[in-house]
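Data first, discussion second: the structure below is written as structure tokens.
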Amino acid sequence: MKKGSLITLVVIIVLVLIGVRYGIKSNNEMVLKQEAVRTAWSQVENQYQRRADLIPNLVATVKGYAEHEQATLEGVVEARAKATQVTVNADELTPEALEAYTASQNALTQALGKLIALKEAYPDLKANENFMALQTQLEGTENRITTERMRFNDVAKEYNTYIKMFPRSLIANMLGFDAQAYFESAPGAESAPAVEF
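If you read the sequence shown in my numbering, its first letter stands for residue 23, the second for the next number, and so on.
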């Protein structure tokens, strides 16, 4: 074998090894970032579940003070049931799935707003320690939900940016790594909802 052919063969082998190493490293990084997205999603679900778990106690507390507000109480219970029925698998976080999930959670948020507003009509309820403690927990949970949604979007952005950059985008396409959907504001979220009884 000629010396020039041997050098060419060695260069080709080295380039192939570098390409394979880069592909393996890129794949592993994409897997890590994809798992970070799934973990962030589970934290979002965890906070929504925490909120759903608080609602029965809140409804029970209000029920004792506002028995003739049955429609409001039933609305909260119904919205909670619908919100807990809509689930999104971490492997299927499509824009449509997130939109459906967000819509069910937003309906629950509106129903809860009506429930919390009842305290103005019932001074005894406003002074009830259980109600106030539950309201504080609910407010804290809403803040946690916002925080976890922001974290999810940050992790999703990092993942999306990583898989879309060249030449990783070629590897991502070959290995089936798809872009991640983001949480977006519901239409009309820029204005405060009107609460009516």
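Note that the Cβ used here is the ideal one computed from N, Cα and C, for glycine as well.
Expected contact under 8 angstroms - CB spacing of residue i and residue j to nearest Å
i: Val-84; j: Ala-133; result: Contact doesn't hold; Cβ gap of about 12 angstroms is too wide.
i: Val-177; j: Val-66; result: The pair is not a contact, with the Cβ atoms about 10 angstroms apart (cut-off 8 angstroms).
i: Tyr-87; j: Asn-152; result: So it is not a contact: roughly 10 angstroms between Cβ atoms.
i: Arg-173; j: Gln-69; result: About 10 angstroms; that fails the 8 angstroms criterion.
i: Met-251; j: Ala-143; result: Missing from the structure shown is residue 251; the chain here goes from 23 to 219 and no further.
i: Lys-55; j: Glu-180; result: 6 angstroms
Neighbourhood of residue i by C-beta distance below 8 angstroms, restricted to the same chain and skipping five residues each side
i: Ile-40; result: none
i: Lys-141; result: Leu-147, Lys-148, Phe-153 and Gln-157
Cut-off 7 angstroms between Cβ atoms - residues of its own chain near residue i, not counting five sequence neighbours on either side
i: Ala-74; result: Arg-102, Ala-105 and Thr-106
i: Glu-218; result: Any reading at Glu-218 is ruled out, since the residue's pLDDT is 44, under 50, leaving its predicted position unreliable.
i: Asn-64; result: One point to set straight first is that residue 64 is Ser, not Asn, in the sequence displayed. For Ser-64, where only same-chain residues beyond five positions count, the Cβ hits under 7 angstroms are Ala-112.
i: Ala-156; result: It is worth fixing the name first, because residue 156 is Leu in this sequence and not Ala. Excluding positions up to five away in sequence, the list reads Leu-76, Asn-79, Leu-80 and Thr-83.
i: Val-108; result: Ala-122, Tyr-123 and Ser-126
i: Ile-46; result: none
i: Leu-130; result: Ala-101, Arg-102 and Ala-105
i: Lys-24; result: none
i: Ser-191; result: Ile-185
Contact check, residue i vs residue j, beta carbons under 8 angstroms
i: Arg-171; j: Phe-199; result: no
i: Leu-197; j: Asn-79; result: no
i: Leu-76; j: Gln-159; result: yes
i: Ala-201; j: Leu-115; result: no
Own chain residues within Cβ distance below 6 angstroms of residue i, not counting five before or after
i: Arg-72; result: Thr-163
i: Val-110; result: Ala-119 and Tyr-123
i: Asn-175; result: Tyr-204 and Phe-205
Is the number of C-beta pairs between the region 185-198 and the region 110-126 that are closer than 8 angstroms three or more? no
Quick one: which unbroken alpha helix (DSSP H) runs of 4-plus residues sit fully inside the region 25-68? Chain order, please. none
Which complete alpha helix (DSSP H) runs does the region 77-128 hold, if anything under 4 residues is left out? 92-107
With a floor of 3 residues, list each beta strand (DSSP E) that falls wholly inside the region 127-179, ordered by position along the chain. none
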